[in-house]
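Just below is one structure, and these are the notes that go with it.
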Amino acid sequence: MDQLRGPTWLQHRRARAFERFSTTPLPTVEEEVWRYSRIPELDLGVYRPHTGAPSGEAVPDGLQPVLDTVEERAALVVVHNGSVVHVDVDPNAAADGLEVGRLADLDPQGAALGTVTGEASGAFSLLHDAFVADPVLVRVRPGLVVDAPVVVLHWTDGSGLATFPHLVVQAGDDSEVVVYDHSGSADVDALVLPVVELAAAPASRLRYVNAQLLGQRVWQLGRQLSRGQRDARLSTSMVALGGGYARLEVESTLAGRGASGEMLAVYFGEGNQMHDFRTLQDHEAPKTMSDLLFKGAVQGRSRSVYTGMIHIGKQAAGVDAFQTNRNIKLSDGAWAESVPNLEIENNDVRCSHASAVGPVDEDQRYYLESRGVPPARAERLIVLGFFEDVLERLAVPGAVPALRSEITAKLDRRDVEVAR
1 MDQLRGPTWL QHRRARAFER FSTTPLPTVE EEVWRYSRIP ELDLGVYRPH TGAPSGEAVP
61 DGLQPVLDTV EERAALVVVH NGSVVHVDVD PNAAADGLEV GRLADLDPQG AALGTVTGEA
121 SGAFSLLHDA FVADPVLVRV RPGLVVDAPV VVLHWTDGSG LATFPHLVVQ AGDDSEVVVY
181 DHSGSADVDA LVLPVVELAA APASRLRYVN AQLLGQRVWQ LGRQLSRGQR DARLSTSMVA
241 LGGGYARLEV ESTLAGRGAS GEMLAVYFGE GNQMHDFRTL QDHEAPKTMS DLLFKGAVQG
301 RSRSVYTGMI HIGKQAAGVD AFQTNRNIKL SDGAWAESVP NLEIENNDVR CSHASAVGPV
361 DEDQRYYLES RGVPPARAER LIVLGFFEDV LERLAVPGAV PALRSEITAK LDRRDVEVAR
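According to the working numbering, the residues represented by the sequence shown are 1 to 420, in order.
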């Protein structure tokens, strides 16, 4: 930890977090929020934090295809093994008031760090704070509409490394911005603990898209937290296709009257992968609205977990909150768990939750096969269509074809296995 660079305030913050981490027990599956997880399999001792200076090319080869799909952008940040190696901001956007880069450079006192997450408490949150190397800040001045996405690319390629990416996005009053956050890795054993903070000021429109394509030997224990003030519009979308065990805690807090939050996700496991989502739709203010749609598929021996909570506070009258999780099981050895929950402290609300786990819909299969579509082709079309109503709503259309191709590749591998 002493080898990490950064300003004095960040070094002090790390030291405080490490001291608390050293006395905080790791979670167990006996805790409800870690139920069904693979946390007993994690051995922190086999990983080492990346403490060296940034090295390598500005854009690692593994990320170049991503840039080719998202050509138009207002800014680009490349983070390699947890350290920023490249920042490029469109001069016109910068002149208008878009700030993108190292948080330590743009916010010398570090006031932006932790404004949404608050004080870290759990073991992995403290571990992240103890070793975060190079936080990234995206800040949009009030009233600015950023026409093109801000692209943040993360790449991990050190075997046995632990990295701790941190992204803070602050959208000023009546501003608008789209952030595309892509995480990838080489085929290495690694541990990634990312944290994302999204702060939407009054009447702002903040859309965030995360694509997770880590290698299948990588562990991810991530947190994504957003907070919307009065009349803010928040949208968070996740496409999780990678990782060996990939966990993401997604929390959306609607703190101002009239704020709304959309939460979307696509996840698809194969082999021994496990995707683990824990969500919270927290309505603190009246006249707020949240809508969650998570859709997943599992094949091979893969697993998925979804547990979600809608919380309606005492002062949150006139709230609309919806939560839907649907899963397709494509193999007998695959497994999916779906647990929606409600906690309501105000009677003037409209809430619903729904979940489903099952095989491909037989009526849809029959319809296609009766029109001459071969069984394997019919199943493929059904799965692609199942995901499409989420993919077509992603705020970065340029990224969708490549993500759809990744899903198709998983189906191709399944076809090969079935044919054996």
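Every residue gets a Cβ at the ideal spot worked out from N, C-alpha and C, and that includes glycine.
Residue burial classification, HIS50 (beta-carbon count within 10 angstroms, cutoff 16): buried
Contiguous beta strand (DSSP E) assignments of at least 3 residues, all confined to the stretch 139-218: 150-156, 161-163, 166-171, 176-185, 190-192, 195-200 and 205-213
Contacts around MET289, its chain only, beta-carbon distance under 6 Å, and the 5 residues preceding and following it disregarded: SER260 and ASP320
Status (buried if at least 16 other CB within 10 Å, exposed otherwise) for GLN109: exposed
Span of the beta strand (DSSP E) around PRO340: 335-344
Simplified DSSP assignment, three categories, for ARG230: coil
Distance CB(ARG230)-CB(GLY269) smaller than 9 Å: no
Opening and closing residue of the beta strand (DSSP E) in which GLY358 lies: 349-358
CB of HIS182 within 9 Å of CB of VAL151, strictly: yes
Beta carbon of PRO149 nearer than 9 Å to that of ASP174: no
Beta-carbon proximity of SER226 to LEU198, cut-off 9 Å: yes
Extent of the continuous beta strand (DSSP E) run through ASN81: Segment: none, ASN81 is in no beta strand (DSSP E) and carries neither H nor E.
Counted within 10 angstroms of its Cβ, other Cβ atoms place HIS12 as buried (16 or more) or exposed: exposed
Alpha helix (DSSP H) segment containing GLU379, residue limits: 375-391
Paired residues, beta bridge with LYS314 - DSSP: None; LYS314 has no bridge partner.
Among THR324, ASP282, TRP335 and ARG20, the one whose alpha carbon lies nearest that of ARG301: TRP335
CB-CB length for VAL390 against LEU213, believed under 8 Å: Actually they do not touch by this definition, with Cβ atoms about 16 Å apart.
C-beta contact flag for VAL452 and SER331 at 9 Å: In the structure as shown, the chain begins at 1 and stops at 420. Residue 452 is therefore absent and cannot be evaluated.
Whole-Å CB distance - VAL177 paired with VAL136, under 8 Å assumed: Not confirmed; about 14 Å, so no contact.
VAL273 versus ALA240, GLY256 and VAL250, residue with shortest Cα-Cα distance: It is Gln, not Val, that sits at residue 273 in the sequence shown. For GLN273, the nearest C-alpha among the options comes from ALA240.
7 Å Cβ shell around ALA317 - same chain, five flanking residues per side excluded: PRO286, ASN346 and ASP348
Pick from ASP189, PHE387, LEU381 and ASP412 that is closest to VAL46, judged by C-alpha positions: ASP189
Cβ-Cβ separation, HIS275 to GLY436 (assumed contact under 8 Å), whole Å: No answer is possible for residue 436: the residues shown for the chain start at 1 and end at 420.
Segment limits, beta strand (DSSP E) that includes ASN327: 319-329
Same chain, Cβ closer than 8 Å to ARG48, neighbours up to 5 away in sequence not counted: GLY160, LEU161 and ALA162
Coil, strand or helix - GLU362 by DSSP: helix
Under 9 Å between C-beta atoms of LEU234 and ARG207: yes
CA-to-CA distance, ARG20 to SER405, given in whole angstroms: 43 Å
Assumed close pair VAL66, LEU167 - CB separation to whole angstroms, cut-off 8 Å: So it is not a contact: roughly 16 Å between Cβ atoms.
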